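Which chain is which? The protein sequence lines are D and L, in order.
So the first sequence is residues 250 to 498, counted in our numbering.
So the second sequence is residues 306 to 614, counted in our numbering.
Glycine residues also receive a C-beta, built at the ideal position from the N, C-alpha and C atoms.
Nothing here was measured: the structure is a model prediction, and the numbers come from that model.
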Amino acid sequence: MKILVPVKRVLDYNVKPRVKADGTGVDLANVKMSMNPFDEIGVEEAIRLKEKGVATEIIAVSVGPAKAQETLRTALAMGADRAILVQTDDEVEPLALAKIFKAIADAEQPGLVILGKQAIDGDNNQTGQMLAALTGWAQGTFASAVNVDGDSVSVTREVDGGLETVKLKLPAIVTTDLRLNEPRYASLPNIMKAKSKPLDTKSPADYGVDTTPRVKTVKVSEPPVRSAGVKVADVDELVAKLKAMGVHS
Amino acid sequence: MKTLVWVEHDGSAVKDATLAAVTAASKLGEVHLLVAGAGVDGVAKAAAGIAGVQKVHVADNAAFGHNLPENIAPLVADLMGSHDAFVAPATTTGKNIAPRVAALLDVMQISEVLSVEGPKTFTRPIYAGNAIATVESSDAKLVLTVRGTAFEKAASTGGSGAVEAVSAGGDAGLSSFVGAEIAKQDRPELTSAKIIVSGGRALGSSEKYQEVIVPLADKLGAALGASRAAVDAGYVPNDYQVGQTGKIVAPEVYFAIGISGAIQHLAGMKDSKTIVAINKDEDAPIFQVADYGLVADLFNAVPELTGKI
Numbered sequence: 250m251k252i253l254v255p256v257k258r259v260l261d262y263n264v265k266p267r268v269k270a271d272g273t274g275v276d277l278a279n280v281k282m283s284m285n286p287f288d289e290i291g292v293e294e295a296i297r298l299k300e301k302g303v304a305t306e307i308i309a310v311s312v313g314p315a316k317a318q319e320t321l322r323t324a325l326a327m328g329a330d331r332a333i334l335v336q337t338d339d340e341v342e343p344l345a346l347a348k349i350f351k352a353i354a355d356a357e358q359p360g361l362v363i364l365g366k367q368a369i370d371g372d373n374n375q376t377g378q379m380l381a382a383l384t385g386w387a388q389g390t391f392a393s394a395v396n397v398d399g400d401s402v403s404v405t406r407e408v409d410g411g412l413e414t415v416k417l418k419l420p421a422i423v424t425t426d427l428r429l430n431e432p433r434y435a436s437l438p439n440i441m442k443a444k445s446k447p448l449d450t451k452s453p454a455d456y457g458v459d460t461t462p463r464v465k466t467v468k469v470s471e472p473p474v475r476s477a478g479v480k481v482a483d484v485d486e487l488v489a490k491l492k493a494m495g496v497h498s
Numbered sequence: 306m307k308t309l310v311w312v313e314h315d316g317s318a319v320k321d322a323t324l325a326a327v328t329a330a331s332k333l334g335e336v337h338l339l340v341a342g343a344g345v346d347g348v349a350k351a352a353a354g355i356a357g358v359q360k361v362h363v364a365d366n367a368a369f370g371h372n373l374p375e376n377i378a379p380l381v382a383d384l385m386g387s388h389d390a391f392v393a394p395a396t397t398t399g400k401n402i403a404p405r406v407a408a409l410l411d412v413m414q415i416s417e418v419l420s421v422e423g424p425k426t427f428t429r430p431i432y433a434g435n436a437i438a439t440v441e442s443s444d445a446k447l448v449l450t451v452r453g454t455a456f457e458k459a460a461s462t463g464g465s466g467a468v469e470a471v472s473a474g475g476d477a478g479l480s481s482f483v484g485a486e487i488a489k490q491d492r493p494e495l496t497s498a499k500i501i502v503s504g505g506r507a508l509g510s511s512e513k514y515q516e517v518i519v520p521l522a523d524k525l526g527a528a529l530g531a532s533r534a535a536v537d538a539g540y541v542p543n544d545y546q547v548g549q550t551g552k553i554v555a556p557e558v559y560f561a562i563g564i565s566g567a568i569q570h571l572a573g574m575k576d577s578k579t580i581v582a583i584n585k586d587e588d589a590p591i592f593q594v595a596d597y598g599l600v601a602d603l604f605n606a607v608p609e610l611t612g613k614i
């Protein structure tokens, strides 16, 4: 079966985001951009399923600017077989993303779509669930284990309080959580090889999707800053402070 | 505006996260609740008693027993014909169901709402809370998930909502529940605890976590937490994790022990009322947010604290 893996180009997770002075967003000029870490886990999981003989082809897809090609090349270097860039300079909301992925899923007929549970810029945590609704497929979100067995897949999910396992009919949607796997680094030969793997460029209009935002960002501001308190000299002083607040056994 | 609030429950009691969602919904308009599950009469009665609730829709069906979104989302979408906003707590259950509902309704969800600024205007965190966005929806109906720590909890008693059975929906035949491993603890849950004692990488081992962190938590009746570093190192299970990739908490008192204070950890606990940090590195970033900081070797200081508190 084919696996479709959406990937997003985002501000690198090691870079501290800075809010623009005019309050229109976060400054992305001249900062390091990388593949969304949860999507990287998705690519890795797809590759492992191919290595196990479960998957036959991995298609990476990204919706974003021309530079999102770099993100797709990273996915190809890790082990994806081909890529589709749906090129747009507009910010595309999860609902419109899900509509684009639905159109691609209709065309490609994958057995699984594996997405990151959220992108670390917008932190929406929506696209996978929305795609599941639009395709009418089952969803296994926040996955920490994925096991395909015949025409179904068992997904162990990270839930509040522990883990939960569900069995889903294929085709299905999976979204990744951090502990699903540790993504591999692409080797230099594979990075070179990735340059010649096929990468198609499309536009949202090719899929008949209107990406006009439904939600307007009025402003973006810095979070309230918490100021440092006092240092206490020793445990006795700390105990006194805590007791004064009513904290004791 | 009529709102429909998802009631998070464990089959017998309403979970606290629901109460914060009720408060958020009450800022938008009339509060209706949805209790879905198998054998949920008791939950429905308790839900009807939440202050400010006008109506409780009860969908009692084996297909709703394990919160499978494939079965629940169509039920909610159906009820949304007569409601204007669907409000779910931003728990793993709420986050699983709400976007599926939003797509069925063809609306964009607003995730992790921190405040209600107007009928369609909200604030929400982006970039792991490093920025706060004020956003305005243009959709005809709203779908929101609500961050529990950002809203006061509605009183769980004093209300007298009308209970009404819903017969819609059933098993979509797409998914089934296999099993769960939910840690049973004689402790408050992390997300609703008044006091949390969290340990970090500096503990060095699972044994030391048990030896140093647990007795202090026991003495204070506190919930146990950990940094991602401690989880990744295998000292404790993942459901202990506080931070951007774990749980978002805001207790009365948060003890950060041997935790340096990475951005990703601070994103999960910086709204705590009082933060106490114990760390031997006086330059640790945790001290920049701590109300009370103690620069000390945790292996001496914490047992001493446990003994004296």
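Against chain D, does residue i count as a neighbour if the rule is that its beta carbon must be under 9 Å from one of theirs?
i: residue 389 of chain L; result: no
i: residue 492 of chain L; result: no
i: residue 435 of chain L; result: yes
i: residue 409 of chain L; result: yes
i: residue 325 of chain L; result: no
i: residue 405 of chain L; result: yes
i: residue 306 of chain L; result: no
i: residue 540 of chain L; result: no
i: residue 400 of chain L; result: yes
i: residue 366 of chain L; result: no
i: residue 374 of chain L; result: yes
i: residue 430 of chain L; result: yes
i: residue 449 of chain L; result: no
Just list the residues that DSSP pairs residue i with in beta bridges.
i: residue 425 of chain D; result: D:365 and D:392
i: residue 398 of chain D; result: D:401
i: residue 414 of chain L; result: L:448
i: residue 311 of chain L; result: L:339
i: residue 282 of chain D; result: D:260
i: residue 364 of chain L; result: L:341
Which of the three DSSP states is assigned to residue i in this structure?
i: residue 307 of chain D; result: strand
i: residue 564 of chain L; result: coil
i: residue 441 of chain L; result: strand
i: residue 512 of chain L; result: helix
i: residue 456 of chain L; result: coil
i: residue 503 of chain L; result: strand
i: residue 637 of chain L; result: Shown here, chain L extends from 306 to 614; a query on residue 637 of chain L therefore has no answer.
i: residue 340 of chain D; result: coil
i: residue 486 of chain L; result: strand
i: residue 535 of chain L; result: helix
i: residue 494 of chain L; result: coil
i: residue 299 of chain D; result: helix
i: residue 377 of chain D; result: helix
i: residue 576 of chain L; result: coil
With a CB to CB cut of under 8 Å and the five nearest residues on each side skipped, what residues in its chain are close to residue i?
i: residue 550 of chain L; result: 533 and 569
i: residue 258 of chain D; result: 282, 283, 284, 285, 311, 313, 314, 316, 317, 319 and 320
i: residue 303 of chain D; result: 250 and 397
i: residue 644 of chain L; result: For chain L, the structure presents residues 306 to 614; residue 644 of chain L sits outside this window and is missing.
i: residue 352 of chain D; result: 456, 457 and 458
Please report whether the beta-carbon of residue i lies at a distance below 9 Å from any beta-carbon of chain L.
i: residue 358 of chain D; result: no
i: residue 293 of chain D; result: no
i: residue 471 of chain D; result: yes
i: residue 322 of chain D; result: no
i: residue 379 of chain D; result: yes
i: residue 343 of chain D; result: yes
i: residue 362 of chain D; result: no
i: residue 494 of chain D; result: yes
i: residue 278 of chain D; result: no
i: residue 412 of chain D; result: yes
i: residue 306 of chain D; result: no
I'd like the list of long-range same chain contacts for residue i, defined as Cβ closer than 7 Å, with 5 residues on each side in sequence excluded.
i: residue 306 of chain D; result: 251 and 330
i: residue 386 of chain D; result: 420, 421 and 422
i: residue 487 of chain D; result: 481
i: residue 497 of chain L; result: 321
i: residue 378 of chain D; result: 388 and 390
i: residue 357 of chain L; result: 327, 331, 336, 459 and 464
Apart from the five residues on each side of it in sequence, which residues of its chain come closer than 6 Å, Cβ to Cβ, to residue i?
i: residue 372 of chain L; result: 398
(request) Taking 8 Å as the threshold, find out whether the region 356-372 of chain D comes into contact with the region 479-489 of chain D through three or more Cβ pairs. (result) By the criterion of at least three beta-carbon pairs nearer than 8 Å, the region 356-372 of chain D is not in contact with the region 479-489 of chain D.
(message) Contact between the region 403-419 of chain L and the region 441-460 of chain L is defined here as three or more beta-carbon pairs at a separation below 8 Å; is this criterion met?
(response) Remark: three or more beta-carbon pairs, one from each stretch, lie closer than 8 Å, so the region 403-419 of chain L and the region 441-460 of chain L are flagged as touching.
(request) Evaluate contact between the region 448-459 of chain D and the region 414-426 of chain L, counting only Cβ atoms and requiring at least three cross-stretch pairs below 8 Å. (result) No: the two stretches stay apart, fewer than three of their Cβ pairs being nearer than 8 Å.
(request) Mind the definition here: the region 286-294 of chain D touches the region 423-430 of chain D only if three or more C-beta pairs lie below 8 Å; say whether that holds. (result) Yes: at least three Cβ pairs fall under 8 Å.
(request) Would you check if the region 350-366 of chain L and the region 457-470 of chain L touch, i.e. whether three or more CB-CB distances between them fall below 8 Å? (result) Flag = yes, the region 457-470 of chain L and the region 350-366 of chain L touch.
(request) Could you tell me whether the region 432-444 of chain L touches the region 324-342 of chain L, using the rule of 3 or more Cβ pairs below 8 Å? (result) By the criterion of at least three beta-carbon pairs nearer than 8 Å, the region 432-444 of chain L is not in contact with the region 324-342 of chain L.
(request) Would you be able to state if there are at least three C-beta pairs under 8 Å between the region 307-316 of chain L and the region 385-395 of chain L? (result) Output reads yes: the region 307-316 of chain L touches the region 385-395 of chain L.
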